[in-house]
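Asker: One structure coming up, written as structure tokens, with questions to follow.
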Amino acid sequence: MLQPPHQPLQVAAVPAQRTPAREDEAGPWHSEAVCRRDEAGLFFAPSKEPTAARLAREEAAKRVCARCPVMVACREHALMQPEPYGVWGGLTAAERRVALARRRRRDIELTAAAPAERIAAAG
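Sequential numbering from 1 applies to the sequence shown in full-length UniProt numbering.
What follows is the structure, given as structure tokens:
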């Protein structure tokens, strides 16, 4: 009986620590970002980082973001991509998920309200 050929072992992809986007990928704002070199490794978590260390690192990253002249553009980039890892524009990945959920909910509410407003204006 013939045996099927062995399939190579599939290993789940582990997200690599992202390198900052080049200017042509992220727009001109990136060249002005305070974090563009991130020598301290503040913006992306090492694997198996303990919770206390993660919280301290994220707070340090947010302090860097707070003084960055392109924080708003960076945040919008991370929300529009959306960036799944790291601190971007002063928000952690979890905070960005909450912000995106709020934005989607607001968009749904505005879309639902628009027909009612048109009917009221026409009536």
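For glycine and all other residues, C-beta sits at the position ideal for the given N, C-alpha and C.
To which residues of the same chain is residue 10 closer than 7 Å at the C-beta, ignoring the five residues directly before and after it?
Answerer: Any reading at residue 10 must be qualified, since the residue scores a pLDDT of 43, below 50, and its modelled position is unreliable; no value is offered.
Asker: Taking contact to mean at least 3 C-beta pairs separated by less than 8 Å, is the segment 77 to 84 in contact with the segment 57 to 69?
Answerer: Verdict: no, contact absent.
Asker: Roughly how far, in whole angstroms, is the beta-carbon of residue 106 from the beta-carbon of residue 90, given that I think they are within contact range, below 8 Å?
Answerer: Their Cβ separation, rounded to whole angstroms, is 20 Å, which puts residue 106 and residue 90 out of contact at 8 Å.
Asker: Residues in its own chain within less than 7 Å of residue 104 by CB, not counting five upstream and five downstream?
Answerer: Nothing meets the Cβ criterion.
Asker: By Cβ distance below 8 Å, which residues in the same chain neighbour residue 45 in space, the five residues on each side in sequence not counted?
Answerer: For residue 45, where only same-chain residues beyond five positions count, the Cβ hits under 8 Å are 54, 57, 85, 86.
Asker: Whole angstroms are fine: how far does the CA of residue 72 sit from the CA of residue 42?
Answerer: Between residue 42 and residue 72, the C-alpha separation is close to 19 Å.
Asker: Just verifying my parser: in three-state terms, what is the DSSP assignment at residue 110?
Answerer: Here residue 110 sits in helix by DSSP.
Asker: Using a Cβ-Cβ cut-off of 7 Å (strictly less than) and excluding sequence neighbours within five positions of residue 93, which residues of its own chain qualify?
Answerer: Taken in chain order, the residues that qualify are 84, 85, 86.
Asker: Let me know the alpha helix (DSSP H) ranges lying completely inside the UniProt domain "4Fe-4S Wbl-type" (34 to 98), each 4 residues or longer, listed in chain order.
Answerer: If we require 4 residues or more, the alpha helix (DSSP H) runs fully inside the UniProt domain "4Fe-4S Wbl-type" (34 to 98) come out as 51 to 66, 71 to 80.
Asker: Quick check on the burial criterion: 16 or more other C-beta atoms within 10 angstroms. Buried or exposed for residue 61?
Answerer: Buried, because 16 or more other Cβ atoms sit within 10 Å of the Cβ of residue 61.
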